[in-house]
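When the count follows our numbering, it moves up by one through the sequence shown with no breaks and lands on 298 for the last residue. All residues carry an ideal CB built from backbone N, CA and C; glycine is no exception. Since the structure comes first, as structure tokens, the remarks are kept for the end.
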Amino acid sequence: MQDADIRRTNLSQLLRRKRCLRVLEAHSPISALLAEQSRLERGAGPSLSYDAIWSSSLTDSTHKGLPDIEILSPSNRLHGIREIFDVCSLPMIFDGDTGGKAEHFAIHVKMLDRAGVSAVVIEDKCGLKKNSLFGNAVSQLQDSIEEFCDKIRVGCSSRSHEDLLIIARCESLILDKGMDDAIERCLAYVAAGADGIMIHSRKKDGLEILEFARLFRRHCPRVPLICVPTSYAHLSFDELEGAGFNAVIYANHMLRSAYMAMRDVAVGILEHGRTLEVEPRCLGIDEILDLVPGTR
């Protein structure tokens, strides 16, 4: 079995074997390497680690200094995916934005399939993509159920491996369309062939995301359900797992934390006219030489 096939199969197997997966954003080979190497030892209990990585359209575009408006297509991001796969064996869940036109999505699914991506997530919006966390503060249009279901079917029929999962992301809660609309849409997406559902919310208390999980599980007890707790950051992994989620994606934290560290070091060097004061915030030279295998 080729590496791409193994990577794809691993995510499907993990979703069947584990109750809930930990997924961390990776926007570069070094961030992917860190995600794979991160371990938390817990004494007598099993260690904690990440099961997969998330290729975010927000962090990929921001990393290149571009706006998060679907300006980077999957084909634009393929080179970065391959660079990540050169150093990281974790399966990748790919943020496919809206998927674009159905005809384009079919071609992109084939590209991502060949590259070894394990899952593609597309959101049910149309028109110029805006980041979901803006909510209704900016103009965002939701696709019709029928059109989005057609896009899901096109994606499913375009893949050569069923282990490449097509995940439907519902934006009804983001756009204040209500719980009934969210449930109706997600059931239709599952019926159209979606291998899983990602539900997104910008409410900071997290109550609607927990309510959605409870209602969705009444209809679909075994369909993979994914959340992105950027807004409701106080909810723990254990709480989300207990609510019925099968994957929790920490969707932008590697880039956000790296940016803050780089900004503070850059200003610190200007302030002090030397690097002595910022050295404690930098990885030691010996450590960075040992970080990437084969450097020594």
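{"Asked": "Distance check for residue 231 and residue 214, CA to CA, integer angstroms please.", "Found": "14 Å"}
{"Asked": "When we look at the beta-carbon of residue 262 and count the other beta-carbons within 10 Å, is it buried (16 or more) or exposed?", "Found": "exposed"}
{"Asked": "What do you reckon, are the CB atoms on residue 94 and residue 55 nearer than 7 Å?", "Found": "yes"}
{"Asked": "Whole angstroms are fine: how far does the CA of residue 120 sit from the CA of residue 165?", "Found": "7 Å"}
{"Asked": "How far does the alpha helix (DSSP H) with residue 261 in it extend, from its first residue to its last?", "Found": "255-274"}
{"Asked": "For residue 256 and residue 33, which I take to be in contact (beta-carbon distance under 8 Å), what is that distance rounded to the nearest angstrom?", "Found": "5 Å"}
{"Asked": "Would you check if there are 3 or more beta carbon pairs closer than 8 Å linking the segment 15-26 to the segment 72-80?", "Found": "no"}
{"Asked": "Could you give the distance in angstroms between the alpha-carbon of residue 50 and the alpha-carbon of residue 259?", "Found": "21 Å"}
{"Asked": "Going by Cα to Cα distance, which pick from 104, 31, 142 and 108 is closest to residue 92?", "Found": "31"}
{"Asked": "Would DSSP call residue 280 helix, strand or coil?", "Found": "helix"}
{"Asked": "In terms of alpha-carbon separation, which member of 81, 44, 29 and 88 lies closest to residue 59?", "Found": "29"}
{"Asked": "Of all the alpha helix (DSSP H) runs that stay within the bounds of the segment 51-135, which reach a length of 4 or more residues?", "Found": "59-65, 76-89 and 104-117"}
{"Asked": "Whole beta strand (DSSP E) runs in the segment 125-212 with 3 or more residues, listed along the chain?", "Found": "167-172 and 198-201"}
{"Asked": "With a threshold of 8 Å, are at least 3 pairs of Cβ atoms found where one atom belongs to the segment 165-180 and the other to the segment 137-153?", "Found": "yes"}
{"Asked": "When the Cα atoms are used, what is the spatial distance from residue 150 to residue 181?", "Found": "18 Å"}
{"Asked": "Is the beta carbon of residue 226 closer than 7 Å to that of residue 198?", "Found": "yes"}
{"Asked": "Quick one: Cα of residue 277 to Cα of residue 288, how far?", "Found": "17 Å"}
{"Asked": "Work out the CA separation of residue 138 and residue 102 for me, nearest whole Å.", "Found": "21 Å"}
{"Asked": "Kindly indicate which three-state DSSP category residue 245 falls into: helix, strand or coil?", "Found": "helix"}
{"Asked": "Taking 7 Å as the threshold (C-beta atoms), are residue 90 and residue 35 in contact?", "Found": "yes"}
{"Asked": "Can you pull the DSSP bridge partners for residue 24?", "Found": "250"}
{"Asked": "For residue 154, which residues of its own chain have a beta-carbon under 7 Å away from its beta-carbon, when the five flanking residues on both sides are left out?", "Found": "168, 170, 191, 194, 195 and 196"}
{"Asked": "Which residue from 252, 249, 284 and 250 puts its Cα closest to that of residue 265?", "Found": "284"}
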